[in-house]
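Residue numbers (my numbering), protein chains in the order written: chain A, 30 to 416; chain B, 30 to 416; chain C, 30 to 416; chain D, 30 to 416.
Ideal placement from N, C-alpha and C gives every residue a C-beta, glycine not left out.
Every value quoted in this text rests on a predicted model; they were computed, and no experiment measured them.
Below you'll find the structure, written out as structure tokens, and then a few comments.
Number of protein chains: 4
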Amino acid sequence: MARSTDFIMTGGPVELSDRVRGALGGQLIFDYSEEFMTLFRDTQEKFKTFFRTDNDIVMMQGEALLALEAVSVCGLDEGDVVVNVESGHYGEGNRYFLEKYGATAIPVETPWNTVVQPEQLEAVLKTHPEAKILWLVHCETPCGTQSDLATLARLGKEHGCLVFVDSVSCAGSTEVRVDEWGIDVVVVGSQKVLGAPPGLSAMAVSDAAWERFRSVKAPNRYSYFSILDWKEIWLEKGFWPYTASVSEVAALNAAVSEYLEVGHEEHFRRYAEVGRATRAGVRAMGLGIWPDEEAHACDVVTAVAMPEGVDDEELRRRMRDQFGVLISGSLFNTPIYGKLVRIGHMGKTCSPTYALAALSAMGHSLRQMGHPVDVGAGIEAALAALD
Amino acid sequence: MARSTDFIMTGGPVELSDRVRGALGGQLIFDYSEEFMTLFRDTQEKFKTFFRTDNDIVMMQGEALLALEAVSVCGLDEGDVVVNVESGHYGEGNRYFLEKYGATAIPVETPWNTVVQPEQLEAVLKTHPEAKILWLVHCETPCGTQSDLATLARLGKEHGCLVFVDSVSCAGSTEVRVDEWGIDVVVVGSQKVLGAPPGLSAMAVSDAAWERFRSVKAPNRYSYFSILDWKEIWLEKGFWPYTASVSEVAALNAAVSEYLEVGHEEHFRRYAEVGRATRAGVRAMGLGIWPDEEAHACDVVTAVAMPEGVDDEELRRRMRDQFGVLISGSLFNTPIYGKLVRIGHMGKTCSPTYALAALSAMGHSLRQMGHPVDVGAGIEAALAALD
Amino acid sequence: MARSTDFIMTGGPVELSDRVRGALGGQLIFDYSEEFMTLFRDTQEKFKTFFRTDNDIVMMQGEALLALEAVSVCGLDEGDVVVNVESGHYGEGNRYFLEKYGATAIPVETPWNTVVQPEQLEAVLKTHPEAKILWLVHCETPCGTQSDLATLARLGKEHGCLVFVDSVSCAGSTEVRVDEWGIDVVVVGSQKVLGAPPGLSAMAVSDAAWERFRSVKAPNRYSYFSILDWKEIWLEKGFWPYTASVSEVAALNAAVSEYLEVGHEEHFRRYAEVGRATRAGVRAMGLGIWPDEEAHACDVVTAVAMPEGVDDEELRRRMRDQFGVLISGSLFNTPIYGKLVRIGHMGKTCSPTYALAALSAMGHSLRQMGHPVDVGAGIEAALAALD
Amino acid sequence: MARSTDFIMTGGPVELSDRVRGALGGQLIFDYSEEFMTLFRDTQEKFKTFFRTDNDIVMMQGEALLALEAVSVCGLDEGDVVVNVESGHYGEGNRYFLEKYGATAIPVETPWNTVVQPEQLEAVLKTHPEAKILWLVHCETPCGTQSDLATLARLGKEHGCLVFVDSVSCAGSTEVRVDEWGIDVVVVGSQKVLGAPPGLSAMAVSDAAWERFRSVKAPNRYSYFSILDWKEIWLEKGFWPYTASVSEVAALNAAVSEYLEVGHEEHFRRYAEVGRATRAGVRAMGLGIWPDEEAHACDVVTAVAMPEGVDDEELRRRMRDQFGVLISGSLFNTPIYGKLVRIGHMGKTCSPTYALAALSAMGHSLRQMGHPVDVGAGIEAALAALD
């Protein structure tokens, strides 16, 4: 008999904290009330701290895909050349948006278990001095990999590109220093590190990016996709372009407040600890990590390579039914689906206790499926890797 | 000193019921869990009953504007001729979308305190046999007016048009018989009659509309705007085009379930009663109703014409601060802002008690502002108009 | 068809505010955690401010009856003489406790629609110099009456009595100055003016009362009734006498915090305004107030005398079914049940808007029952009586 | 830096499920509404199923201590002889109540790490044919021990005793067959196996017990302690003896409903599995179980003997601060405090995943304190003991 799912340790969305749930389930706050307007502005200010930036914050009223697509919709002109780093599904998918909205994408590809190296990117940037934009995916969550954003972003800057970054799933688990690194647009999702429900995304937009949005041939205005509307209608005039998702905003405000009260440094320490310990546990158990190197692994999910002959769906079902632990496979409909599973560590679940519970559950379930693992060694190794 | 706002009687979003809040604030339900998929499908089925249709239901993951814009994005080809009924802000705004996405709009206009008459529409349809689409706004909430949808939709059908309807704010307060009336696309918002928070919209899509979306020159796929994605990825294959707003969906499921358990007929009776009684009270108090005729008034809001010299913002502030009753003005940035205020009756606030409270608060506040009204007569008239 | 009950305007318990509900429905806080101990102590401190006292605060883990009975259980010796003011059901009921636990009660009685006068009490106190305790009920909620506590308490003090006060339902709507007036024990309920759920009661205990509890022949210890346990085990040693009702305590902390943030003066003003306006409305409508004089009426409920031939149960049912307004009759099983109904104004419902809604609903329902009232005049009179 | 306490695995109260929290934090339900009366009766019926009885159910409005003390208050006459089984703190404490309320207690004692054997009890019952009552504690939670209730209760019955049982913490984790075993009164707490917040207790009362309560010299009526009031006022007449704790009752209804939907058998299986696995893990780690025999251990908590020199408070603090796992020591102020810690498995926390998390956390913390344990072996042994 299935137990209730008490441990939602997926690649996002993840378990909500009590504070987030309290804000989410409160009575509606009317969008044009002072209370809501103040709450919205407070959330913006907190995202400036989150992103270490003085740039404007725009909160798109939809899942991160809306924000990512909107960057292409608003930021591209026919024929623009964009250098697009592709180490996984999200980088590849972004190429589709670039081309749909008129640009020519110059892909910088790697296998989906590693990340692009600075030299590789630099070579492409040198070959394409006409490139106006560099598009980077910080963390390829379906692969459990993470790039060296600071270095890659600076390369883009040095080569005169606007730097657009998808940090949807990992901003907050690791540094994203927007002003210092010269990032023009960066997008984060509500339902990942911040642990709010899905439905919102936040972006920081530089002056250069605003200039770009205003100067393309047909600036996008009066549209659900318009980033400019948020600048010109909300930030400048104090009207809503359309009705904001007030309950989601209240939840996101709670989430980002909770994040900042704990602080960047403590979060970075926790993610590093939990990621490191989980990977150590997985390896000691006798399993492989999907990313090719420890340094290329993100800390928001631990991607575990499925051993030959192990059905990842059965594994996940067993973990859920017997232990109430819900983890993710890779993304459906991608070439690597079935080849790995992902233990999430985002938001409330970024905790050694959740990780230890998941390791025990995974080990036991694999053994039930006839695949021998040393669970005890895995737990010991994970404990040894804790701070 | 300001009281807490206990009576959110705006033009939407409105107060949430306890059941909706309970669903909204529950622990996250993972998007790829059976529990969520079942919940999502159940919501779709309930919207079929809501719209009295067998057509597919698509729930766009954003406020109604997303759905309305998406209909133009997905449904138009360069040069299409669309007859566009414009009795208020939303009809007029839709013309913008039609032209942005390549169509030629044939406006059918009226002053903003009345609605288009069948003869007027029929004349235009006859003059434009090349029109492929008729676009109708059922209720112009900023004006408090409501059209005769059944008649207008049938006229469109008779003239060979696809009939696209914005019933964002009033479906559920009055009949919307999709199959019987031949409506190809109709959109309703989560935060109006249904009383869920803003952030979602539902539409019913006919086979002819699907055919249209698939046969335009560049069918819109893999986009936050793509209605087709929901057909081809979710409805047909069971994958999510992107992460659904799971908490909002849970809330909307609760809202539509609550609606259907009470039933269409009882809702129509309630809205008619509350709308009629509020308008009677307003008139007996000595004030005017904004719509030109009782038959043109919607029941989701009561639009009260502001007497000469009365500052609507002061009136609303007094009602809020002294009585905790929050009502709306007309929409900001429209020509009629300041000329009327709107007492909302949607969702939980569709109740004679809320309406009586609002009438007392409005009357007292007007008197404090030096404008004489007969509150007692207003209350008596409202009571006399109850069932 | 019955509407949902949106307006819980009874004699208590009453509607909960969002803040109280949020605290109540939060995840459990373990009783021996620092978090809970701090919360409990903070609640005690807030009750000191609430009662304007430096005396100890004891929070009994049960409805006010537990606290009231405990005062007799812990404070009486066989043969003690207690002067017991009886203006209603609770005063009378207290006589039962006094006698059950060994005392001789000297009743000071009045009809149940008025309150005891200082001269009447003084005469009894003079006749009974052997009396050691004066027992006072501040507000007889079933009758809608309220005594002059300051004067009566001082009389008790002057005659050498310990003064024990039941202010279960009205402390917070009006002054209770424990230290200034020399009150030895006063009890307030969670579910009345404070608007928390029922299940807790708070009392302020003077040094003289502690001395009394310790010096009776068989001091009550190690019992659910023991007030002393809270002093000797919790206040002095930091252990729990038994498991505290942690969720109720969290809710009560929210309620008393919310109360104090608004402040005593504003609450006293609100209660006075709402009580006065409601009584004015009732009278102008053509109905009678149950208390014999305006000065004897409490502000926590408005007791409306039932006109000859009006069935109070039918009236209440109609108000609930048609308007969602729930009011109280008098207490079941008392001689005055059926002779009056009570519109509550406690907690969140202490608002002119709630009161106006109740007046409209009551008037309409009475008229439907064939009893003529002038609702318009009632509303006008209530509005005229607002600040 | 302390983590949030995500794993409340104490000896009770314990974590609340979402369903319980939803019911608890809902808007107040008025005590005299049909809705609440129906809810209360439904809860009673569900406790009949819970206790496998047709006897009346009484829900005392206070923590279990209220119910236990009330049994002595209502059920004893001066000079009654009561056989009182004492294997731990609660048995011993009950002797205090028996003597306080006039009875002579015949103690049947054991060391506090084991339970009374049938022969030992039988010998005492034979020696005391004048005994009218047998008092049993089913589970001594502070010691982690559990008696063979079926056998002991039958012995009492055979010797003509009324059988009163404290099953506050373990009813629901194991069989309590009231009718089959002839139990006259049994008490269960809300905050243990049922996982509701503390503040209520339920008891099943046989006809013989009612007869007893009515026939003592001074039957207890009109008191917070009166069990008879619930029979004569509520069960027979439908009035409340005093205001019920409506929010707590709503939560308890949710808890017992959730329990019964899963079912007795599945719960018994789960508790047995989790208790067995945890004890196996503790032992394999190199630690001792406090109860002297596996058969004497309860499954609601695992009592772990503290090794020589290990400070249990430090251990618990480390587990809480580093892992967010909150466990209990033994009861404060008892002779065994400090000699053991207790991992709770009640309510939502009765799950192998919670147990595995606690074992990992305990092992790591002990090691940090310089006490060597084999965590890996502990985890392996626990997993091997799962079903």
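Continuous beta strand (DSSP E) stretch holding residue i: start and end
| i | result |
| --- | --- |
| residue 89 of chain D | 85-89 |
| residue 373 of chain D | 369-373 |
Close-in-space but distant-in-sequence residues of the same chain around residue i (CB under 8 Å, 5 per side omitted)
| i | result |
| --- | --- |
| residue 409 of chain C | 313 |
| residue 396 of chain D | 402 and 404 |
| residue 382 of chain C | none |
Neighbourhood of residue i by C-beta distance below 6 Å, restricted to the same chain and skipping five residues each side
| i | result |
| --- | --- |
| residue 401 of chain A | none |
| residue 111 of chain C | 127, 132, 134, 162 and 164 |
| residue 30 of chain C | Note that residue 30 of chain C scores 39 on pLDDT, short of 50, meaning its location in the model is unreliable; the coordinates nonetheless yield the value given after this. Counting only Cβ-Cβ distances below 6 Å, and skipping sequence neighbours, we find nothing. |
| residue 103 of chain A | 242, 249 and 256 |
Contacts that residue i makes with chain C (C-beta to C-beta distance below 7 Å)
| i | result |
| --- | --- |
| residue 341 of chain A | Chain C residues near residue 341 of chain A: none, gap ~32 Å exceeds 7 Å. |
| residue 373 of chain D | Those do not exist, as residue 373 of chain D stays about 10 Å from chain C at its closest Cβ, beyond 7 Å. |
Any non-hydrogen atom of the ligand ZN closer than 6 Å to residue i Cβ
| i | result |
| --- | --- |
| residue 77 of chain B | Because no ligand of any kind appears in the structure shown, any question about the ligand ZN cannot be addressed here. |
Residues that residue i contacts on chain C, provided the C-beta gap is smaller than 9 Å
| i | result |
| --- | --- |
| residue 25 of chain A | Nothing about residue 25 of chain A can be read from this structure; chain A reaches only from 30 to 416. |
Proximal chain C residues relative to residue i, where beta-carbon distance stays under 8 Å
| i | result |
| --- | --- |
| residue 55 of chain A | 47 and 51 |
Amino acids of chain A, ordered along the chain, whose beta-carbon sits closer than 9 Å to that of residue i
| i | result |
| --- | --- |
| residue 275 of chain B | 42, 220, 226, 227 and 228 |
| residue 125 of chain B | 251 |
Within chain A, the residues that residue i reaches when beta carbons sit closer than 7 Å
| i | result |
| --- | --- |
| residue 381 of chain D | 352 |
| residue 268 of chain B | 361 and 362 |
Beta-carbon neighbours of residue i, restricted to chain D and to distances below 8 Å
| i | result |
| --- | --- |
| residue 255 of chain C | Within chain D, no residue comes near residue 255 of chain C; the closest Cβ sits about 10 Å away, beyond 8 Å. |
| residue 393 of chain A | 412 and 415 |
Start-to-end residues for the alpha helix (DSSP H) that takes in residue i
| i | result |
| --- | --- |
| residue 72 of chain D | 63-80 |
| residue 51 of chain B | 47-53 |
| residue 350 of chain C | 341-352 |
| residue 297 of chain B | 293-314 |
| residue 43 of chain A | First-last for residue 43 of chain A: undefined, no H or E at that position. |
Proximal chain B residues relative to residue i, where beta-carbon distance stays under 9 Å
| i | result |
| --- | --- |
| residue 37 of chain C | Simply none; closest approach about 12 Å. |
Partners in chain A for residue i, counting only beta-carbon separations shorter than 8 Å
| i | result |
| --- | --- |
| residue 404 of chain D | 405, 408, 409 and 412 |
Partners in chain D for residue i, counting only beta-carbon separations shorter than 9 Å
| i | result |
| --- | --- |
| residue 389 of chain A | 381, 382, 385, 386, 388, 389, 408, 411 and 412 |
Contact set for residue i: own chain, Cβ-Cβ below 7 Å, skip 5 residues either direction
| i | result |
| --- | --- |
| residue 305 of chain A | 414 |
| residue 47 of chain A | none |
| residue 136 of chain B | 113, 115 and 124 |
| residue 279 of chain B | 52, 53, 55, 58 and 68 |
| residue 355 of chain C | 34, 36, 37, 38, 39 and 349 |
| residue 285 of chain A | 72, 75, 76, 79 and 223 |
Query raised in the report: If you scan the region 115-175 of chain A from start to end, which runs of the alpha helix (DSSP H) of 4 or more residues do you find wholly inside it?
Result: Runs of the alpha helix (DSSP H) inside the region 115-175 of chain A: 118-129 and 147-156.
Query raised in the report: On the three-pair Cβ rule with 8 Å, is the region 265-280 of chain C touching the region 350-360 of chain C?
Result: As far as the Cβ criterion goes, the region 265-280 of chain C does not touch the region 350-360 of chain C, which means the pair count is below three.
Query raised in the report: When the Cβ atoms of the region 192-209 of chain C are set against those of the region 63-70 of chain C, are three or more pairs found closer than 8 Å?
Result: No, because fewer than three Cβ pairs between the region 192-209 of chain C and the region 63-70 of chain C fall closer than 8 Å, the two stretches do not touch.
Report task. Only counting runs of 4 or more residues, tell me where the alpha helix (DSSP H) segments fall wholly within the region 199-279 of chain D, in order along the chain. Result -> Taking only runs of at least 4 residues, the alpha helix (DSSP H) segments lying wholly in the region 199-279 of chain D are 207-210 and 236-244.
Query raised in the report: Counting pairs of beta carbons, one from the region 375-383 of chain A and one from the region 36-45 of chain A, are three or more of them closer than 8 Å?
Result: Touching, yes, given that three or more Cβ pairs across the two stretches are closer than 8 Å.
Query - Touching by the beta-carbon criterion (3+ pairs, under 8 Å), the region 214-229 of chain D and the region 331-343 of chain D - result: In short, these stretches do not touch, since the Cβ pair count stays below three.
Query raised in the report: How do the region 88-95 of chain D and the region 320-337 of chain D stand: do at least 3 beta-carbon pairs fall below 8 Å, yes or no?
Result: As far as the Cβ criterion goes, the region 88-95 of chain D does not touch the region 320-337 of chain D, which means the pair count is below three.
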